[in-house]
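Chemist: Positions in the sequence shown are counted from 1; adding 3 to them yields the working numbering.
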Amino acid sequence: MKWILAFAISTALPAWGALRAGASAADITPQEWPVRLIGNFGLSLSLRAHDPLHVRALVLEDAGTSIAIAVIDSCYVKRDVLDEAKALASKLTGIPSSHMLISATHTHSAPPSMAGDRTSLEGRYVQRLIDQTAAAIAGAHKRLAPARIGYAVRAVPDELFNRRWFMKPGAIPPNPYGETHDVARMNPPAGSADLLHPAGPTDPGFSVVSVRSAEGKPIALLGNYSLHYVGGITGNQVSADYFGEFARLVKQRLAPDDDGFVAMMSNGTSGDVNNIDFVHPRPRAEPFERIRAVAGRMANHAAEIAASIEYRDSATLRAAEAELELRYRKPSAKQLAFAKAALDEPDESKLPRNAKAYAERALRLEAGPAAVMVKLQALRIGSFAVAAIPFEVLTEIGLAIKERSAIKPVFTIELANGHWGYLPTPRHHDLGGYETWLGTNLVEREASVKITDVILQLLGQVAAP
Ligand SMILES: [Zn+2]
4 MKWILAFAIS
14 TALPAWGALR
24 AGASAADITP
34 QEWPVRLIGN
44 FGLSLSLRAH
54 DPLHVRALVL
64 EDAGTSIAIA
74 VIDSCYVKRD
84 VLDEAKALAS
94 KLTGIPSSHM
104 LISATHTHSA
114 PPSMAGDRTS
124 LEGRYVQRLI
134 DQTAAAIAGA
144 HKRLAPARIG
154 YAVRAVPDEL
164 FNRRWFMKPG
174 AIPPNPYGET
184 HDVARMNPPA
194 GSADLLHPAG
204 PTDPGFSVVS
214 VRSAEGKPIA
224 LLGNYSLHYV
234 GGITGNQVSA
244 DYFGEFARLV
254 KQRLAPDDDG
264 FVAMMSNGTS
274 GDVNNIDFVH
284 PRPRAEPFER
294 IRAVAGRMAN
304 HAAEIAASIE
314 YRDSATLRAA
324 EAELELRYRK
334 PSAKQLAFAK
344 AALDEPDESK
354 LPRNAKAYAE
364 RALRLEAGPA
374 AVMVKLQALR
384 IGSFAVAAIP
394 FEVLTEIGLA
404 IKERSAIKPV
414 FTIELANGHW
424 GYLPTPRHHD
434 LGGYETWLGT
444 NLVEREASVK
454 ITDVILQLLG
464 QVAAP
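1) Leaving out five residues before and five after residue 427 in sequence, what residues of the same chain have Cβ atoms less than 6 Å from its Cβ?
2) By how many angstroms is the C-alpha of residue 423 removed from the C-alpha of residue 42?
3) Taking the straight line between their C-alpha atoms, what separation do you get for residue 179 and residue 357?
4) Whole angstroms is fine: what's the gap from residue 116's alpha carbon to residue 129's?
5) Specify whether the region 281 to 289 and the region 374 to 383 touch according to this definition: at least 3 beta carbon pairs, one from each stretch, less than 8 Å apart.
6) Applying the criterion that 16 or more other CB atoms from any shown protein chain within 10 Å of the CB defines a buried residue, is residue 260 buried or exposed?
7) For the putative contact between residue 269 and residue 226, defined by C-beta atoms under 8 Å, what is the C-beta separation to the nearest angstrom?
8) If you reduce the DSSP assignment to three classes, tell me which class residue 3 lands in.
9) Could you tell me the distance, in whole angstroms, from the CA atom of residue 374 to the CA atom of residue 451?
10) Give me the Cα-Cα distance between residue 410 and residue 228, rounded to the nearest whole angstrom.
11) Residue 153 to residue 352, Cα distance in whole Å?
12) Distance check for residue 233 and residue 51, CA to CA, integer angstroms please.
13) Taking 8 Å as the line, does the beta carbon of residue 274 fall inside it for any heavy atom of ligand 1?
14) Are the CB atoms of residue 140 and residue 265 nearer to each other than 9 Å?
15) Confirm the yes/no value for this check: CB of residue 231, any heavy atom of ligand 1, distance under 8 Å.
16) With a threshold of 8 Å on Cβ separation, who are the neighbours of residue 148 within its own chain once the five nearest residues in sequence on each side are excluded?
17) Considering Cα atoms alone, identify which of 466, 329 and 344 is closest to residue 448.
18) Hey, is residue 421 close to ligand 1, as in C-beta under 8 Å from one of its heavy atoms?
19) So, for residue 96: in the same chain, excluding its five sequence neighbours on each side, which residues have a beta-carbon less than 7 Å away from its beta-carbon?
20) Take the Cβ of residue 405 as the centre, count every other Cβ of all protein chains shown within 10 Å, and call the residue buried at 16 or more, exposed below.
21) Just verifying my parser: in three-state terms, what is the DSSP assignment at residue 331?
22) Would you list the residues sitting across from residue 119 in a DSSP beta bridge?
23) Verify whether the separation of the beta carbon atoms of residue 168 and residue 204 is less than 9 Å.
24) Classify residue 425 as helix, strand or coil using the three-state DSSP reduction.
25) What does the alpha-carbon distance come out to for the pair residue 415 and residue 370?
26) Can you find the residues in the same chain that come closer than 7 Å, C-beta to C-beta, to residue 76, ignoring five residues on each side of it along the sequence?
27) Look at the alpha carbon of residue 210 and the alpha carbon of residue 86, and state the distance between them as a whole number of angstroms.
28) Looking at the structure shown, is residue 287 part of a helix, part of a strand, or coil, going by DSSP?
29) How many whole angstroms separate the CB atoms of residue 304 and residue 157, which I take to be in contact at a CB cut-off of 8 Å?
30) Quick check: what's the CA-CA separation for residue 33 versus residue 136?
31) Helix, strand or coil for residue 82? Go by DSSP, reduced to three states.
32) With DSSP as the reference, please indicate the residues paired to residue 128 in a beta bridge.
33) Pull up the CB-CB distance for residue 146 and residue 263, whole angstroms please, since I reckon it's below 8 Å.
34) At what residues does the beta strand (DSSP E) containing residue 415 begin and finish?
35) Is residue 34 helix, strand or coil when you go by DSSP?
36) Closest to residue 236 by CA distance: which of 465, 40 and 456 is it?
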């Protein structure tokens with residue numbers, strides 16, 4: 004009789020399609036100095052890290068299907084670098100590259116993640132980023148164990164401010180091409196008497212995915228919040244911004260003694276949303292003070308959600324992706340002439356702000372290819388879904404996806420699977436401002452409409468029974 008019982012148990016387990024999960028983090032703090040920091044105009048060199056950078060990964064498996072989600076402490080990572088990391092991770096784990104979603108947090112205090120020459124200091128960093136991203140996913144895969152998963156979304160509006168503002172006439176300076184048609188201004192002076200009202204909403208939805216072992220031990224927590232970054236790090240130091248601090252504080256709250264636990268914060272659709280209260284200017288904070296405060300409050304929300312949600316021991320896992328061709332924008336004859344003149348002008352005080360930086364971008368776009376293929380992706384995890392878009396996505400696009408998706412709840416991870424600048428809607432193109440300027444915006448005016456359509460199709464695919 005004994006063998007019958009054993010047989011029953013061994014076939015019953017996989018037939019239930021029980022969820023397994025694993026998480027892992029790998030360090031990507033620079034080891035060679037100085038490094039350039041990207042995220043701002045001009046050159047900033049860093050000689051030290053305020054806090055470490057990581058790649059954090061979560062692997063889920065159910066009924067023979069696996070997916071991997073990884074979040075990198077970087078401003079953005081280009082598609083070719085991520086594709087290389089996925090290929091390596093796929094070789095190590097057997098998970099198809101198409102089932103991997105890898106995004107950058109958008110910390111503005113990290114080294115660049117693109118370099119053609121892998122023998123240069125920056126190139127060696129890119130190689131390490133690739134190796135460690137694959138190592139984090141492989142580490143999570145190695146730790147796969149029976150797990151339970153829960154999900155919730157909570158409105159946390161207080162940390163969010165739309166940073167694009169309508170201003171009184173005459174209050175918006177010319178753009179870097181000397182044009183004066185902008186009616187929305189990014190990051191206006193806080194407390195200015197010229198402020199009218201914000202040009203867009205914020206998305207207060209804080210999404211939390213919590214994963215526990217079958218025995219109830221925390222394995223991982225994935226957050227998603229539409230906040231560009233916090234900033235306020237002194238002296239050109241490398242930092243993971245509030246994303247890294249959130250990960251550290253959630254671990255402290257949920258699993259202080261367990262190095263196997265990994266928390267991560269993915270960026271939602273935050274292209275026009277930051278942490279600056281433009282109406283009620285706040286006193287200057289100490290370095291890292293605001294990061295710590297925002298991360299602490301978000302970690303408290305996350306810990307409360309993790310303690311109160313319902314956990315399930317299985318989840319239908321699906322992944323779908325599509326390639327979409329988008330035309331690159333090209334400078335107009337007038338912009339091109341302005342750009343060339345700007346580069347020849349020795350006295351920068353005679354030029355609009357950042358004119359030379361945008362002139363170089365305009366010339367690069369003029370000489371560059373006509374179109375690009377971008378990767379769009381949707382994942383289903385049980386009763387909810389995740390969309391992935393390789394841009395800095397204006398927040399109302401994420402809100403529209405949440406409203407129109409065939410599967411709800413859903414959240415969007417931006418800066419995922421690549422980076423092609425900002426993604427404004429056609430309405431925002433008409434308003435102008437930083438996020439729409441040629442050079443910060445790279446692709447055609449209708450891009451957000453096309454991308455939203457494809458994302459909704461992909462969500463429909465993964466939603467199907
Ligand atoms: Zn940005």
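No residue lacks a Cβ here, since even glycine has one placed at the ideal position from N, Cα and C.
Modeler: Reading from the atomic positions:
1) 397, 438 and 439
2) 14 Å
3) 6 Å
4) 5 Å
5) no
6) exposed
7) 7 Å
8) In the structure as shown, the chain starts at 4 and stops at 468, and residue 3 therefore has no counterpart that could be examined.
9) 15 Å
10) 19 Å
11) 56 Å
12) 19 Å
13) yes
14) no
15) yes
16) 23, 24, 25, 216, 217 and 222
17) 329
18) no
19) 140, 141 and 144
20) buried
21) strand
22) In DSSP, residue 119 forms no bridge with anything.
23) no
24) strand
25) 32 Å
26) 31, 56, 57, 108, 110, 113, 243, 246 and 247
27) 26 Å
28) coil
29) 6 Å
30) 14 Å
31) helix
32) Paired residue(s): none; residue 128 is not in a bridge.
33) 7 Å
34) 413 to 417
35) coil
36) 40
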